[in-house]
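Everything below concerns the one structure shown next.
Number of protein chains: 2
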Amino acid sequence: MADAAPSAPVIILNAPQLAENIGAVARVMANFGLADLRLVNPRDGWPQERAWALASGAEWPLNAARVFDTVAEAIADLQLVFATTARPRELTLPVLTPRAAASELLQAAQRGERIGLLFGGERAGLETSDIALCQGIVTIPIDPRFRSLNLGQAVAINAYEWRATLLDAAPPNFRPGPGPATGEALLGLYEHLERELETAGFFHPPEKTPNMIQNLRSALGKARFTDQEVRTLRGVITALSRGRGKVLEKIARKKGEAGG
Amino acid sequence: MADAAPSAPVIILNAPQLAENIGAVARVMANFGLADLRLVNPRDGWPQERAWALASGAEWPLNAARVFDTVAEAIADLQLVFATTARPRELTLPVLTPRAAASELLQAAQRGERIGLLFGGERAGLETSDIALCQGIVTIPIDPRFRSLNLGQAVAINAYEWRATLLDAAPPNFRPGPGPATGEALLGLYEHLERELETAGFFHPPEKTPNMIQNLRSALGKARFTDQEVRTLRGVITALSRGRGKVLEKIARKKGEAGG
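If you read the protein sequences in the order shown, they are chains F and Y.
21 is the number that the UniProt record's numbering gives to position 21 of the first sequence; each next residue is one higher, with no gaps.
75 is the number that the UniProt record's numbering gives to position 75 of the second sequence; each next residue is one higher, with no gaps.
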């Protein structure tokens with residue numbers, strides 16, 4: 001099916017210990033559009049209620065999860081699998097960042113291949129013999145001073161990279177916002193402001209006026225105001241300078257009352 | 001200090017509910033080389049033992065965590081802050097992927113700026129008024145069919161992108177010139193403007209005031225004003241609203257002469 005979306009990677013957890021982590025993995029899979037979860041020898045058996053409790057409603061990866069005895073069986077139908085591990089191995093497999101891995105996985109999926117990501121359990125990680133069944137190693141760029149990455153987080157980062165790559169790293173498709181105002185609209189704003197500042201006696205000494213104007217314009221220009229923002233700011237200038245009228249009247253009245 | 005490594009982003013959690021999530025955030029911060037954690041109104045107070053229990057030994061971000069009453073206070077010393085939120089807002093702030101955000105944050109840090117990432121609490125997320133204090137929005141490319149992303153995962157993905165970007169980064173490219181003003185200086189500017197606008201009767205109808213304020217703040221915030229520009233703009237506000245003494249006196253005198 002040439003037009004179908006490429007199939008997302010299968011997530012394989014080898015010897016996961018905590019049902020809570022399996023639930024967290026299901027949740028993050030749902031966050032990033034993944035659905036196929038496979039468990040190799042979960043320590044406490046399967047199913048486990050606490051996984052559902054921790055999935056925050058992302059039940060479908062759990063409901064459909066399949067259990068296997070070995071990694072080999074769990075990946076038997078897959079054509080490209082990367083093993084996620086923090087440690088470099090003696091194997092000659094390529095070592096990829098999550099980003100590069102997502103890119104290779106996507107290319108494979110676009111060719112119609114079935115793809116997967118293999119994760120080790122909380123304590124033991126992955127055996128070299130299991131890694132050797134994979135086509136590459138994904139290493140998350142952890143700070144070597146604190147390597148203890150939670151299983152759910154490791155899946156999250158790879159699932160995120162999958163989806164970010166799938167979306168072609170473009171920002172999420174929001175309705176396009178209003179573009180910046182034209183130079184003409186900006187100049188109207190600047191000149192309005194400068195007229196009012198001139199009236200208010202802001203520009204002095206006079207020989208510095210051109211510089212002051214340039215600095216104001218370039219400061220405001222950095223904001224790349226929209227047309228609506230330009231209108232709002234012109235309202236602000238009008239309000240402030242009319243407000244001055246009110247203040248002035250009050251002052252004048254007071255001075256008048258004081259017999260000035 | 002030209003040779004120092006760029007400072008990692010501060011992580012600000014607004015109204016976090018579960019101590020477990022705060023612990024998970026600390027752990028993932030340690031995984032990716034972040035250390036400065038700030039809490040705005042943690043629901044159950046602070047410190048909480050369960051945060052330490054869930055941090056798997058990543059205690060230093062928790063030990064050094066600081067608590068604030070408002071987002072404004074928590075970001076007062078920062079110069080570039082992105083708010084992480086899944087929903088597009090009415091604000092005109094730029095919307096960035098985590099990758100693009102990490103790149104902008106790194107460039108700012110390489111210029112010596114203090115940077116941060118703001119996250120909302122588990123239930124409520126972020127108020128628009130808090131987002132309006134930031135310079136951009138980071139949106140994780142979540143599957144719209146399952147948007148419920150765990151707080152720890154949201155921090156993990158952004159922290160991972162920070163470190164991946166840092167490790168990929170070319171040597172810092174120092175740009176001369178003053179950096180942007182702090183959140184505190186910006187807030188001072190905003191509040192000065194809003195006081196004068198209030199006096200001038202700009203905000204009406206009253207129920208729209210919060211929205212008008214948010215829109216003004218986010219419009220101006222895009223400019224990333226320097227300290228000097230903030231001072232200039234405060235002079236502009238003062239001039240527009242009060243005029244300079246001489247002008248006032250002149251006008252007052254005229255009004256007096258006119259029999260006002």
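Beta carbons are placed, not taken as given, at the ideal position from N, Cα and C, and that holds for glycine.
Being a predicted model, the structure only gives us computed values, none of them experimental.
- Looking from the CA of Y:Asp-168, the closest CA among F:His-192, F:Pro-141 and F:Leu-233 belongs to F:Pro-141.
- A Cβ of chain F is located within less than 8 angstroms of the beta carbon of Y:Tyr-160.
- The Cβ of F:Asp-143 sits closer than 8 angstroms to at least one Cβ of chain Y.
- Interface annotation, Y:Val-236: in contact with chain F, CB-CB separation under 8 angstroms.
- When the Cα atoms are used, F:Arg-145 and Y:Asn-31 turn out to be separated by approximately 8 angstroms.
- By the neighbour-count criterion, in which a residue is buried when 16 or more other Cβ atoms sit within 10 angstroms of its Cβ, Y:Asn-14 is buried.
- Y:Ala-101 sits close to Y:Phe-82, with the two beta carbons spaced by under 8 angstroms.
- Contact annotation: in the stretch 207-223 of chain F, residues whose CB is within less than 7 angstroms of a CB in chain Y are Asn-215, Leu-216, Ala-219, Leu-220, Lys-222 and Ala-223.
- In the displayed model, Y:Ile-142 falls within coil according to three-state DSSP, outside both helix and strand.
- Put simply, the CB of F:Arg-242 is near chain Y, with a gap under 8 angstroms to one of its CB atoms.
- For the stretch 73-98 of chain F, the residues whose beta carbon sits under 9 angstroms from a beta carbon of chain Y are, in order, Thr-97 and Pro-98.
- In the structure shown, Y:Pro-206 adopts helical secondary structure according to DSSP, grouped into three states.
- With contacts defined by Cβ atoms closer than 8 angstroms, Y:Asp-77 and Y:Glu-194 do not form a contacting pair.
- Interface with chain Y (8 angstroms Cβ-Cβ cutoff): F:Ser-56 is included.
- Its Cα nearest to that of Y:Pro-98, the residue Y:Ala-154 stands out among Y:Leu-91, Y:Ile-131, Y:Leu-240 and Y:Ala-154.
- Annotation for F:Asp-36: Val-10 place their beta carbon closer than 6 angstroms to its own, counting only its chain and skipping 5 residues before and after.
- Closest in C-alpha terms to F:Asp-130, from the list F:Arg-234, F:Arg-224 and F:Val-71, comes F:Val-71.
- Within its own chain, the residues whose Cβ lies closer than 7 angstroms to the Cβ of Y:Phe-203, once the five positions on either side in sequence are excluded, are Leu-197, Thr-209 and Met-212, listed in chain order.
- Put simply, the stretch 56-73 of chain Y does not touch the stretch 100-116 of chain Y. Fewer than three CB pairs are less than 8 angstroms apart.
- CA-to-CA, the gap between Y:Leu-105 and Y:Thr-84 works out to about 13 angstroms.
- Those residues of the stretch 22-40 of chain Y placed with their C-beta closer than 8 angstroms to a C-beta in chain F are Ala-24, Arg-27, Val-28, Ala-30, Asn-31, Phe-32 and Gly-33, ordered along the chain.
- The C-alpha of F:Ile-157 is placed about 9 angstroms away from the C-alpha of Y:Glu-161.
- If you ignore the 5 residues before and after Y:Ala-219, its C-beta comes within less than 8 angstroms of the C-beta of Thr-92, all in its own chain and listed in chain order.
- Taken atom to atom, the span from the alpha-carbon of F:Ile-137 to that of F:Gly-120 is near 12 angstroms.
- Using beta-carbon distances, Y:Asn-63 does not count as an interface residue toward chain F, since no partner is under 8 angstroms.
- Within chain Y, no residue has its beta carbon less than 7 angstroms from that of F:Ser-7; the closest one is some 15 angstroms off.
- Taking a beta-carbon distance threshold of 8 angstroms, Y:Leu-149 counts as an interface residue toward chain F.
- Put simply, the backbone Cα of Y:Asp-44 is about 14 angstroms away from that of Y:Asp-69.
- For Y:Phe-225, the CB contacts under 6 angstroms within the same chain, skipping 5 residues up- and downstream, are Ala-181 in chain order.
- Per DSSP, Y:Asn-150 is not a residue of any alpha helix (DSSP H), being assigned neither H nor E.
- Under DSSP, Y:Arg-43 shares a beta bridge with no residue.
- For Y:Thr-232, the uninterrupted alpha helix (DSSP H) run begins and ends at 227-242, by DSSP.
- F:Phe-82 has F:Leu-117 and F:Gly-136 as its beta-bridge partners, per DSSP.
- Contact of F:Arg-163 with chain Y is assigned, a C-beta pair being separated by under 8 angstroms.
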